[in-house]
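Accompanying notes for the structure given below.
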Amino acid sequence: MTDTISRGVTVDRTGEAGAFGGELLTINFGPHHPSTHGVLRLIVDLDGEQVRRLKPVIGYLHTGIEKQMEALRWQQGVTVTDRHDYLSPPINNLAYALAVEKLMGVQVPPRANALRVIMSELTRLSSHLVWMGTSGLELGAMSMLMYCFRERDTILDMNEEISGFRMHTSYIRPGGVMADSTPRFLEMLDQFCRDMPGHVDEYEALLTNNPIWRSRTIGIGILSAEDAKVLGATGPMLRGSGVAWDLRRSMPYSGYENYDFEIATSDMCDCYGRYLVRIKEMRESIKILRQALDRLPDGPVNVDDRKMLPPPREELETSMEAVIHHFKLFTEGYSVPPGDVYVAVESGRGENGCYIASDGTHKPRRVKFRSASFVNLQALERMALNHFLADMVAIIGTADTVLGDCDR
Amino acid sequence: MISETLIVEKGVSAGDPWVTVDAPNVHEALAALKTEGYTLLVFLSCVDHLVDASRSWPARYEVVYQLRNMETREQLRLRTFIEGDPPHIDSVHDVFPPANWEERETYDMFGIVFDGHPELTRILMPDDWVGYPLRRDYPVGGEPVEFSEEHEMWQTAPDKA
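As they're listed, the protein sequences go chains L and X.
Just so we're aligned: the first sequence equals residues 12 to 419 in my numbering.
Just so we're aligned: the second sequence equals residues 484 to 644 in my numbering.
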């Protein structure tokens, strides 16, 4: 029996007759299960050990971020954007900041763009490291977590150095970035760019030719390029199916068009292909970081607009005008011209977009986050059908959903 | 472009091109746009224009479809305005499969009924939730917490002189 799960996407629901002669057993998987990457609940119909029907149930991590944004002023909203995709806060900040800037018609200085690229790539690396560590853990490669979190901690130390926060940095803000980079941050980044390629080799030595890892991922969770496109998948899910679509290259933002890097793709269309894409992306991210560091331009890191960003601290002691601007900005905030705008950036998971509708006041009318996890998760049933239950864990792992991002 | 008869209005907002169509024509317009190359529905959402004095709006709810042409990298935003209690609009999950969950989310958050949707249930909020949280007349609310403003509940210790 073939069945249409979405228009254009058909699946074979029969498979081979299982141990129970085709009689299905419905089980509940999650939401509190160590291998569901957060609080994802799946209702799975099993024929013996094989998945015949799968229904994701989400919403356990819904925090009402879009509602909160409507109650916050434009510059306050940044702190909330940190928290939906909690593995890549600066990329969420960037999507929001770019959207606000596009509505206001503001261009940030070159140094701010370079720092934004640096933070985005560091975040992508740390997000992929968490993915690799936890996915390795789920498939029995226990030591991966230790290796990956070692380097992730270095990235978090750099976050702390540049923004004062390890995780929810709120570093990228409308109008620029929070503060200029410190000399120590640049030293740390230089050292990181030297060390990291060797560490990626280490991860590959542990996994790429590991017979257990290969047998758990090769041929598991096939998602053809056509299905990936029909289901709207983005990020490593799409590139792992051989489609070279990366927003950094396809629709560049923040000066990504000036960096030399390749779009990582794999034609394998399975979990192993998505793993290879992420490994390649980590190497490309290091290349981008090196280029950004070598070519880091001098100059201001914020737009010179006192109606949008507070004046420097020194000025407050001598200038009455600066005090007025400061007071207005922190009591009323700034207002954004009416209109709506959509901006998309590439996060570790795919297209992370921000749609903003403004009614011309000092608070947004509507902020919608287009999260990659929410859309990619709809492809889960396509990938997991007729696989064993244990393989489903590998498939959830390589889909790399962050449930905070999914539920917002 | 889709036939001009469907388009009510078009324009550009902060660099993003958009077209407005009448609500009953949304399904037809989206199907036509898909054949024209806009193969990806980036997202689908709603904006509630309750008491928005900045402009005059044809209706309270604006349903927004962001489309992308993966070949030419063009983007287009299709907008439509609906009214009613509950507001109704045709589902487009058969044209764009990712719309399935997006429509459920929009129903969950704004109470917009997508006619023809296979499973229009709440997706993010609990099934027994009352109200539609992202409507502008739905309060932000909150739970009373300890150490709140209710100082009289707290007895200070008597002075020990």
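All C-beta atoms, glycine included, are put in the ideal place defined by N, C-alpha and C.
At a CB-CB cut-off below 8 Å, which residues of chain L make contact with T563/X?
Within chain L, no residue comes near T563/X; the closest Cβ sits about 14 Å away, beyond 8 Å.
Which one or two residues does DSSP pair with G365/L in a beta bridge?
Note that residue 365/L corresponds to Cys in the displayed sequence, not to Gly. Answer is V354/L, F380/L, bridged to C365/L.
Give me, in chain order, the residues of the same chain whose beta-carbon lies closer than 6 Å to that of E292/L; leave out the 5 immediate sequence neighbours on both sides.
A275
If you draw a straight line from the C-alpha of M592/X to the C-alpha of D611/X, how long is it?
13 Å
Residues that M319/L contacts on chain X, provided the C-beta gap is smaller than 9 Å:
Per Cβ cutoff of 9 Å: no residues; M319/L is ~16 Å from chain X at best.
What number of angstroms, rounded off, separates the C-alpha of L234/L from the C-alpha of Y264/L?
28 Å
Would L36/L be called buried (16 or more neighbouring beta carbons within 10 Å of its own) or exposed?
Counting the other CB atoms within 10 Å of its CB gives L36/L a total below 16, which places it among the exposed residues.
Those residues which DSSP pairs with L550/X across a bridge
L524/X, L559/X
Check whether chain X comes within 9 Å of R376/L, counting only Cβ atoms and requiring the distance to be less than that.
yes
Using a Cβ-Cβ cut-off of less than 8 Å, give me the residues of the stretch 247-272 of chain L that come near chain X, in sequence order.
Identification of residues in the stretch 247-272 of chain L having a C-beta nearer than 8 Å to some C-beta of chain X yields W256, S261, M262, given in sequence order.
Listed by chain order, chain X residues near P349/L by CB distance under 8 Å:
S537, R538
Would you grab the beta carbon distance between R419/L and T74/L for me? Rounded to a whole angstrom, and I think it's under 8 Å.
7 Å
Under 6 Å Cβ to Cβ from L167/L, same chain only, skipping five residues before and after it: list those, please.
Taken in chain order, the residues that qualify are R177.
Looking at chain L, is there any beta carbon in it that lies within less than 9 Å of the beta carbon of Y621/X?
Cβ-Cβ to chain L under 9 Å: yes for Y621/X.
Outcome for F564/X when other beta-carbon atoms lying within 10 angstroms are tallied against a minimum of 16:
buried
At a Cβ threshold of 9 Å, is V525/X touching chain L?
yes
Backbone CA spacing between P348/L and P121/L [nearest angstrom]
24 Å
Residues in its own chain within less than 7 Å of C417/L by CB, not counting five upstream and five downstream?
Taking C417/L as the centre and dropping the five residues before and after it, the same chain places the C-beta of I69, S382, S384, F385, L388 closer than 7 Å to its C-beta, in chain order.
Should N221/L be counted as a contact of the ligand GTP given a C-beta to heavy atom distance under 8 Å?
The ligand GTP is not part of the structure shown, which contains no ligands of any sort.
Buried or exposed (CB count within 10 angstroms, at least 16 for buried), I38/L:
exposed
Of all the CB atoms in chain L, is at least one closer than 9 Å to the CB of G498/X?
yes
With 9 Å as the threshold, decide whether the Cβ of R419/L is near any Cβ in chain X.
yes
Against chain X, does Q389/L count as a neighbour if the rule is that its beta carbon must be under 9 Å from one of theirs?
yes
Apply the 10 Å Cβ neighbour rule to F338/L and answer buried if 16 or more other Cβ atoms are within range, or exposed otherwise.
exposed
Per DSSP, C529/X is paired with what?
V546/X
Taking DSSP as the reference, what is the three-state secondary structure of Q202/L?
Reduced to three states, the DSSP call for Q202/L is helix.
DSSP three-state call for W584/X: helix, strand or coil?
Assignment of W584/X by DSSP, reduced to helix, strand and coil, places it in the helix class.
When we look at the beta-carbon of Q202/L and count the other beta-carbons within 10 Å, is it buried (16 or more) or exposed?
exposed
Checking contacts by CB at 9 Å: is V547/X closer than that to chain L?
yes
For a quick check, are the C-beta atoms of V547/X and S528/X less than 9 Å apart?
yes
Below 7 Å between beta carbons is the criterion; list the residues of the stretch 62-73 of chain L that meet it against any residue of chain X, in chain order.
Within the stretch 62-73 of chain L, the qualifying residues are I69, G70, H73.
Expressed to the nearest angstrom, what Euclidean distance is found between the alpha-carbon atoms of Y283/L and H398/L?
15 Å
Quick one: residues in its chain with C-beta nearer than 7 Å to the C-beta of D281/L, no 5 flanking neighbours on either side, listed in chain order?
T228, I229, G230, I231, G232, I233
Cutoff 9 Å: R18/L Cβ touching any chain X Cβ:
Residue placement at R18/L is flagged as unreliable, the pLDDT there being 48, under the threshold of 50; a coordinate-derived value is accordingly withheld.
So what's K493/X in DSSP terms, helix, strand or just coil?
The three-state secondary structure of K493/X, taken from DSSP, is strand.
Of the residues E81/L, A355/L, A152/L, which one's Cα is nearest the Cα of R225/L?
A152/L
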